[in-house]
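*Asks:* Numbering (the working numbering), first residue to last: 7 to 237. For every residue, glycine included, the Cβ atom is placed at its ideal position computed from N, Cα and C. Remember, it's a predicted structure, so these values are computed and weren't measured experimentally.
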């Protein structure tokens with residue numbers, strides 16, 4: 007880590023920045039919004055990012071070799087803002103990613119799992135990772151789909167959200183067919199979300215897929231939103 011910092015010093019500085027901005031009025035509202043699964047300092051996103059901006063700078067953040075330790079330590083702290091910071095911090099290292107970093111993504115997906123972190127991990131981290139290491143994709147997609155973990159499964163549906171014209175639609179449709187019978191809100195919602203995003207590129211193909219496959223009402227409704235709006 008630059009400037010002679012060690013991991014604990016770095017995290018302590020983040021903690022002090024968050025404690026200074028903590029808001030006892032917003033904290034319970036944020037906790038309630040997340041179904042009381044996590045504690046919060048009560049810091050709104052813009053203020054949170056401003057408070058910790060200096061710790062994102064290249065000359066003030068951990069080296070790539072230390073980021074695994076830092077992220078896991080942040081992930082194990084109580085307040086949810088730490089996990090948000092870890093997510094955003096890791097995005098800064100995209101150009102340094104090695105193939106092994108996917109193991110850290112798996113850890114983040116399967117610990118303290120909820121949609122607020124999973125969706126960003128899927129789109130920003132996993133999505134970019136598979137662009138950098140396309141040969142790793144099929145191995146991990148199969149592993150995650152075959153797992154009993156709904157968050158790993160959700161990730162397979164969402165990692166292409168920003169791919170647009172480069173979406174592997176054959177893969178997407180195959181994943182939907184494999185997962186569509188799972189009676190779980192976060193899977194059904196993700197199916198609809200992935201279809202809705204791709205419908206912005208190929209509405210006819212999405213409409214045709216939905217008409218030919220037995221999807222839940224939630225998935226169908228979400229998948230057709232943009233198509234119906236643009237009629």
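So within the stretch 142-223, which uninterrupted beta strand (DSSP E) runs reach at least 3 residues, ignoring any that extend past its ends?
*Replies:* As summarised for the stretch 142-223, there are no continuous beta strand (DSSP E) elements at least 3 residues long confined to that stretch.
*Asks:* Between which residues of its own chain and residue 114 is the CB-CB distance below 6 Å, once the five residues before and five after are set aside?
*Replies:* 127
*Asks:* Would you give the residue range spanned by the alpha helix (DSSP H) that residue 40 belongs to?
*Replies:* Neither: residue 40 is in no alpha helix (DSSP H) and is coded neither H nor E.
*Asks:* Is residue 85 helix, strand or coil when you go by DSSP?
*Replies:* strand
*Asks:* Indicate the three-state DSSP secondary structure (helix, strand or coil) for residue 128 in the structure shown.
*Replies:* helix
*Asks:* Helix, strand or coil for residue 99 per DSSP?
*Replies:* Reduced to three states, the DSSP call for residue 99 is coil.
*Asks:* Between which two residues does the alpha helix (DSSP H) containing residue 28 stretch?
*Replies:* First-last for residue 28: undefined, no H or E at that position.
*Asks:* Quick check: residue 200 and residue 163, are their CB atoms within less than 7 Å of each other?
*Replies:* Yes, these two residues count as a Cβ contact at 7 Å.
*Asks:* Give me the Cβ distance between residue 47 and residue 24, rounded to the nearest whole Å; I'm assuming they're in contact under 8 Å.
*Replies:* 5 Å
*Asks:* Where does residue 69 sit, in a helix, a strand or coil, going by DSSP?
*Replies:* coil
*Asks:* Relative to the alpha-carbon of residue 105, which residue among 121, 28, 49 and 134 has its alpha-carbon at the smallest distance?
*Replies:* 134
*Asks:* Which residue comes first and which comes last in the alpha helix (DSSP H) that contains residue 106?
*Replies:* Unbroken run through residue 106: none, as it is neither H nor E.
*Asks:* Does DSSP put residue 50 in a helix, in a strand, or in coil?
*Replies:* coil
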